[in-house]
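Novice: Below: one structure in structure tokens.
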Amino acid sequence: EPEVTQTPSHQVTQMGQEVILRCVPISNHLYFYWYRQILGQKVEFLVSFYNNEISEKSEIFDDQFSVERPDGSNFTLKIRSTKLEDSAMYFCASRGLAGPGELFFGEGSRLTVL
Amino acid sequence: AQSVTQPDIHITVSEGASLELRCNYSYGATPYLFWYVQSPGQGLQLLLKYFSGDTLVQGIKGFEAEFKRSQSSFNLRKPSVHWSDAAEYFCAVGASAGNMLTFGGGTRLMVKP
């Protein structure tokens, strides 16, 4: 069964460092998303991406965040200068045209900022 | 703005017992509603979804959910819980066809032998 894969599964970084989280969405999907879950809190929407541009973003997704689809398969989330409060589980998701709302999630990348 | 409330943070049931997890949403129009499950160390897996039509929807693993517009609810049910159902369950609402889901806080289900 096709799946969304994310790397790394866990990353520890120092405050102020740049972090790139990588995702390989399901191959025929066209809509891509990043969500995050701070420990003990809700899963929160960050950004959606379609046709090589951001289609929607939340207030969390400020100038420190960026997304990119550098090639035909990867979808990345970059945090330019990490803060302690960026520590969270980051989930990538994708969906195809045929399934409105049916997001397929990866297993997440846990980011710990020290 | 849309919102989702899952009133129960933790629920413990005995294996074989029935289960109902509550979800209440707030949204002005007809919502798109979802239940996801997250097992430890795993991603979010879709259990079922409601877009329109029959208000009782069937999902995977023997789960079902009923959309009640009058109560703004979308409760998840299972007639007989298995130990493997122990996980965290998230209700979510979407305002449009696929973009931006708003999640509830989750309900952690524990299953007693």
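Chains H and P, in that order, give the protein sequences.
The first sequence begins at 7 in our numbering and counts up one residue at a time.
The second sequence begins at 1026 in our numbering and counts up one residue at a time.
Backbone N, C-alpha and C fix where the C-beta goes; we use that ideal spot for every residue, glycine too.
Quick one: grab the DSSP three-state call for Gln1067 of chain P.
Specialist: In the three-state reduction of the DSSP assignment, Gln1067 of chain P falls in the coil class, being assigned neither a helical nor a strand state.
Novice: Output the boundary residues of the beta strand (DSSP E) element that contains Trp1108 of chain P.
Specialist: Run containing Trp1108 of chain P: none; DSSP gives neither H nor E here.
Novice: From the DSSP output, which residues share a beta bridge with Gly1119 of chain P?
Specialist: In DSSP, Gly1119 of chain P forms a bridge with P:Tyr1057 and P:Leu1126.
Novice: Measuring only the C-alpha atoms, how far is Lys1074 of chain P from Phe1059 of chain P?
Specialist: CA-CA distance, Lys1074 of chain P to Phe1059 of chain P, rounds to 4 Å.
Novice: Exposed or buried, Leu1046 of chain P, counting other C-beta atoms within 10 Å across all chains shown (16 or more means buried)?
Specialist: Leu1046 of chain P counts as buried, since no fewer than 16 other beta carbons sit within 10 angstroms of its beta carbon.
Novice: Output yes or no for whether 8 Å exceeds the beta carbon distance between Pro1138 of chain P and Trp1108 of chain P.
Specialist: yes
Novice: Within the same chain, show all residues whose beta-carbon is closer than 7 Å to that of Gly22 of chain H, passing over the 5 residues directly before and after it, in chain order.
Specialist: Ser87 and Thr88
Novice: Please list the residues of the stretch 65–91 of chain H that have a C-beta atom closer than 9 Å to any C-beta atom in chain P, keeping them in chain order.
Specialist: none
Novice: Under 8 Å between beta-carbons, which chain H residues line up against Leu1101 of chain P? List them in chain order, please.
Specialist: Neighbours of Leu1101 of chain P on chain H: none; closest Cβ ~16 Å, over 8 Å.
Novice: Under 7 Å: does the beta carbon of Glu62 of chain H sit that close to some heavy atom of the ligand SAH?
Specialist: In the structure on display, the ligand SAH does not appear, and there are no ligands present to speak of.
Novice: Select from the stretch 1028–1060 of chain P all residues with a C-beta closer than 7 Å to any C-beta belonging to chain H, and list them in chain order.
Specialist: Tyr1057 and Phe1059
Novice: Give the single residue among P:Phe1088, P:Leu1069, P:Ser1097 and P:Leu1101 whose Cα lies nearest to the Cα of Ser100 of chain H.
Specialist: The option with the nearest alpha carbon to Ser100 of chain H is P:Leu1069.
Novice: At 3 residues or longer, what runs of the beta strand (DSSP E) sit wholly inside the stretch 16–102 of chain H?
Specialist: 16–19, 25–30, 37–43, 49–56, 59–63, 71–74, 81–85 and 94–101
Novice: Could you pull the start and end residues of the beta strand (DSSP E) that Tyr1050 of chain P belongs to?
Specialist: Asn1049 to Ser1051
Novice: Any C-beta of chain P sitting closer than 8 Å to the C-beta of Leu45 of chain H?
Specialist: By the rule that beta-carbons nearer than 8 Å mark a contact, Leu45 of chain H does not touch chain P.
Novice: Does Phe38 of chain H have its Cβ less than 8 Å from a Cβ in chain P?
Specialist: no
Novice: What does Met1135 of chain P touch in chain H if you count any residue whose Cβ is under 7 Å from its own?
Specialist: Chain H residues near Met1135 of chain P: none, gap ~17 Å exceeds 7 Å.
Novice: Taking only three categories from DSSP, how would you classify Gln12 of chain H?
Specialist: Three-state DSSP puts Gln12 of chain H in a strand.
Novice: Which residues, in chain order, does the stretch 1062–1092 of chain P contribute to contact with chain H at a C-beta distance below 9 Å?
Specialist: Gln1063, Gly1066, Gln1067, Gly1068, Leu1069, Gln1070, Leu1071, Lys1074 and Phe1076
Novice: Quick check on Ser1095 of chain P: does DSSP put it in helix, strand or coil?
Specialist: helix
Novice: Could you have a look at Leu1034 of chain P and say whether DSSP puts it in helix, strand or coil?
Specialist: Reading off the sequence shown, one finds Ile at residue 1034 of chain P, where the question assumed Leu. Residue state, collapsed to three classes: coil.
Novice: Which residues in chain P sit within 7 Å of Phe55 of chain H, going by Cβ to Cβ distance?
Specialist: In chain order: nothing, as chain P lies at least about 10 Å away.
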